[in-house]
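Chemist:
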Amino acid sequence: MRPFLRWHIGSFLCATIGSLLGLVMPLVLKWLIDQALPQKNLVLLIGLIGVFLLTYEGRAAFTSLGAYLSLSAAQQMNLALSMRVLRHLDLLSASYYEDAPLGTAIYPLKRPTEEIAYFGSDLFPAALRLLLTSLFTLVAMLMLSPMLTVVVLPLVPAFLIARQHYRAKLVRDSDAVQCGRIAWSTFLEEHLSAIIPIQLLRQQKRQERTAFVLLARTARSEQEFLRTGVRFTLVTSLAVALAMSWVIGYGGWSVLSGTLTVGSLVAFYGFVMQLFEPLGNASELYARAQKTFASVRCMQSILNLRPTVVELPDAVMLPEEPSYGLAFREVEFGYQRQKNMLRVPSLEISGGEMVAIIGENGAGKSTLVKLVARIYDVDRGSVSIGGRDVRSLQLESLRRCIACLSRDPVLFDGTIGSNLRFVKPSASDEELWRAVDCAELTSFIAHLPNAMDQEVGPRGCKLSGGQRQRLAIARAFLAGPSILILDEATSCLDMRSEAAVLHNVRRYLPASTLIVISHRMSTVSSCDRILVMADGQIVRDGQPSALGFHSNFDSI
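Residue numbers (this note's numbering): 40 to 595.
#1: Would you call GLU399 buried or exposed, if buried means 16 or more other Cβ atoms sit within 10 Å of its Cβ?
#2: In whole angstroms, give me the CA-to-CA distance for SER421 and GLU479.
#3: Tell me whether ASN343 is buried or exposed, calling it buried when 16 or more other Cβ atoms sit within 10 Å of its Cβ.
#4: With H, G and I counted as helix, E and B as strand and the rest as coil, what does DSSP make of GLU469?
#5: Could you check how far apart the C-beta atoms of VAL301 and ILE155 are, in whole angstroms? I think they sit under 8 Å.
#6: For GLN506, which of GLU359, THR481 and ASN543 has the nearest alpha-carbon?
#7: Can you give me the Cβ contacts of ILE237 inside the same chain, cut-off strictly under 8 Å, excluding the 5 residues immediately before and after it?
#8: Secondary structure at PHE592, three-state DSSP: helix, strand or coil?
#9: Among LEU437, LEU586 and GLN508, whose alpha-carbon lies nearest the alpha-carbon of ARG446?
#10: According to DSSP, is TYR363 part of a helix, a strand, or is it coil?
#11: When DSSP labels each residue in this structure, what does ASN400 get in the three-state scheme?
#12: Taking PHE451 as the reference, which of MET491, LEU487, LEU254 and GLY499 has the closest Cα?
#13: Mind checking whether ALA75 and LEU84 have CB atoms under 8 Å apart?
#14: I'd like the span of the beta strand (DSSP E) that includes GLN114, first residue to last.
#15: Take every Cβ of the stretch 303-316, pair it with every Cβ of the stretch 279-295, and state whether three or more of those distances are shorter than 8 Å.
#16: Applying the criterion that 16 or more other CB atoms from any shown protein chain within 10 Å of the CB defines a buried residue, is THR347 buried or exposed?
#17: Could you tell me the distance, in whole angstroms, from the CA atom of SER103 to the CA atom of ALA222?
#18: Using the Cα positions of TRP70 and GLN339, report the straight-line distance between them to the nearest angstrom.
#19: Cutting at 8 Å between CB atoms, please list the residues of its own chain near LEU412, excluding the five before and the five after it.
#20: Thinking C-alpha only, which one of GLY575, MET64 and TYR146 is nearest SER334?
#21: Among TRP46, ASN80 and LEU92, which residue has its Cα nearest to the Cα of VAL63?
#22: Mind pulling the alpha helix (DSSP H) runs of 4 or more residues that sit fully within the stretch 414-455?
#23: Compare the C-alpha of VAL90 against each of ASN80, TYR325, LEU68 and THR257 and name the closest.
#24: Determine the DSSP secondary structure at GLU369, reduced to helix, strand or coil.
#25: Going by the beta-carbon positions, is the gap between LEU162 and LEU324 smaller than 8 Å?
Structure follows, in structure tokens:
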């Protein structure tokens, strides 16, 4: 809230003035009953009507202005907080996203930010009004009738004790509700992203049962939270009822004995209502506050996460060159559940070389290239690019020279042109067509109704698997990387199309270092060199002919 403090100060001043104006209305009733009506003073009556109108309208105006200022601050805070969380999520490493379901990662940007924004727009101003109204009202009550105030005052601590009694229960219940919502968000994200496979596997009913269990669990948590709030409300209502009974009883006796006027009793009753009405609503306010604090704890847990791959303070820029050589020295790496999974004592790849990596699933092929792009850091040893340890380089400059394509390319909801320009917004139409020509997409795009402006749909769902892979290859070509990594990135293409794409990559990016991971022997036979991996180690290393493979470029 600190950056928007001036807005909250303005809201505070409006709330203060509104609370002070609220004290005038019970006093108007006192003067009306004790002076204007008994004395039949028409001038005073008209004056009291004017004061009442001005006070009532003034209080409404200042309250509305305060609400506007706090809401404006809350909207700005919501925007700033959402962007802060998004930037923080952008910094987290692959280890977080591989362990955390997508729904869990997305959730902090939904309900928690709204709850925290509510704190600035409604909860905090309401608590402030409660505090100011209670303070000013107590002062007015003491000035009007110290004895009546002394009778009522002990019931205020009773309310505070009741609040403290239910505090721990409300915290636990609000956290349970938060956990239920996170679980539902995670399930929903996973379910909707896999809806077609679920339909093909005929598992809609099973998913619906799982959804029902999650929603029912969340509903039970919310019901328990509401039950606790209801019990809290009943206890606080009892304190209010006792206070009113004391006022009516002791105040009525004081009027009968002549120590208190009727107007003073009516005014005092109004002050008591002003004191206990917000305290009665404080139960709901406090319950909602626990939800907000649960969101704050959720947000803090996200912001306390730290990336495992960090840029060193003295990191240097990687100079731009057409190609880079790679070197692995005494490399050991393992995921959290698979220690010492990868072991590469020594490996060198020359700049501009086309190297294939083959092996069974789980042999460590993809893990090896992830260390090049520094998606993970090695446990021991070093990985170097152009003679520089990747840990000594600025992450932006390192990843600017590398394009890493996987079996499932990432496309965005938009046009073919917008997806291509994602890596180079300033690219001309000529550059786009040159890139798609490299990926053997020219004929396909030329026959589309809107050509480059054709929509691809969310995640490229309107394209086939091979078309998505070719579009991703065209985008990588447009970026002009010095190191191009194809991790099963042509698996959806037929053998001839795949060979043509690889041939074009070599022709249009002749200086780039190319690493190809594939299970197709026809693919790797066109490479300069083949690395065979097994159990996280390189067991064979040589030219295709020496290993029994033959190039298929001659068929193009």
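Note that beta-carbon positions come from the ideal geometry of N, C-alpha and C, so glycine has one too.
A quick note: this is a predicted structure, and the numbers were derived from the prediction, not measured.
Modeler: Reading it off the structure:
#1: Counting from one through the sequence shown, the residue named residue 399 turns up at place 360. Exposed, because fewer than 16 other Cβ atoms sit within 10 Å of the Cβ of GLU399.
#2: By one-based count along the sequence shown, residue 421 stands at place 382. By one-based count along the sequence shown, residue 479 stands at place 440. Approximately 37 Å between the Cα atoms of the pair.
#3: Taking the first residue of the sequence shown as position 1, residue 343 is located at position 304. Result: exposed.
#4: By one-based count along the sequence shown, residue 469 stands at place 430. Correct three-state label for GLU469: helix.
#5: Residue 301 sits at position 262 when you count from the first residue of the sequence shown. Residue 155 sits at position 116 when you count from the first residue of the sequence shown. Actually they are not in contact, since the Cβ atoms of VAL301 and ILE155 sit about 48 Å apart, beyond 8 Å.
#6: Here residue 506 refers to the residue found at position 467 when the sequence shown is read from its first residue. Ranking GLU359, THR481 and ASN543 by Cα distance to GLN506 puts THR481 first.
#7: Taking the first residue of the sequence shown as 1, we reach residue 237 at position 198. HIS230, GLN243 and GLN246.
#8: Here residue 592 refers to the residue found at position 553 of the sequence shown. Only weak support exists for where PHE592 lies, its pLDDT of 40 falling under 50; the value from the coordinates is given anyway. Reduced to three states, the DSSP call for PHE592 is helix.
#9: The count along the sequence shown starts at 1 and reaches residue 446 at position 407. Considering only alpha carbons, the answer is GLN508.
#10: As a position in the sequence shown, residue 363 is number 324, starting the count at 1. In the structure shown, TYR363 sits in coil (DSSP, three-state: anything other than H, G, I, E or B).
#11: Stepping through the sequence shown from its first residue, residue 400 is reached at position 361. If DSSP states are grouped into helix, strand and coil, ASN400 belongs with coil.
#12: Counting from one through the sequence shown, the residue named residue 451 turns up at place 412. Nearest C-alpha to PHE451: GLY499.
#13: For the purposes of this step, residue 75 is identified with residue 36 of the sequence shown, where counting begins at 1. For the purposes of this step, residue 84 is identified with residue 45 of the sequence shown, where counting begins at 1. Yes.
#14: For the purposes of this step, residue 114 is identified with residue 75 of the sequence shown, where counting begins at 1. No beta strand (DSSP E) holds GLN114; the alpha helix (DSSP H) holding it covers 81-130.
#15: yes
#16: One-based indexing of the sequence shown puts residue 347 at position 308. When all chains shown are included, THR347 counts as exposed.
#17: Counting from one through the sequence shown, the residue named residue 103 turns up at place 64. Counting from one through the sequence shown, the residue named residue 222 turns up at place 183. Roughly 38 Å between the two C-alpha positions.
#18: Sequence index remark: in the sequence shown, residue 70 carries index 31 (1-based). Sequence index remark: in the sequence shown, residue 339 carries index 300 (1-based). Each residue's alpha carbon lies about 53 Å from the other.
#19: Here the question's residue 412 lines up with position 373 in the sequence shown. The sequence given here has Ala at residue 412, not Leu. Cβ neighbours of ALA412 beyond the five flanking positions: LEU437, ARG438, ILE441, CYS443 and ILE524.
#20: Counted from its first residue, the sequence shown places residue 334 at position 295. Considering only alpha carbons, the answer is TYR146.
#21: In the sequence shown, the residue the question calls residue 63 occupies position 24. Cα-wise, what sits closest to VAL63 is LEU92.
#22: 434-439
#23: One-based indexing of the sequence shown puts residue 90 at position 51. It is LEU68.
#24: Residue mapping note: residue 369 aligns to position 330 of the sequence shown, counting from 1. Three-state DSSP puts GLU369 in a strand.
#25: Mapped onto the sequence shown, residue 162 falls at position 123. Mapped onto the sequence shown, residue 324 falls at position 285. In this structure, LEU324 lies closer than 8 Å to LEU162 by Cβ.
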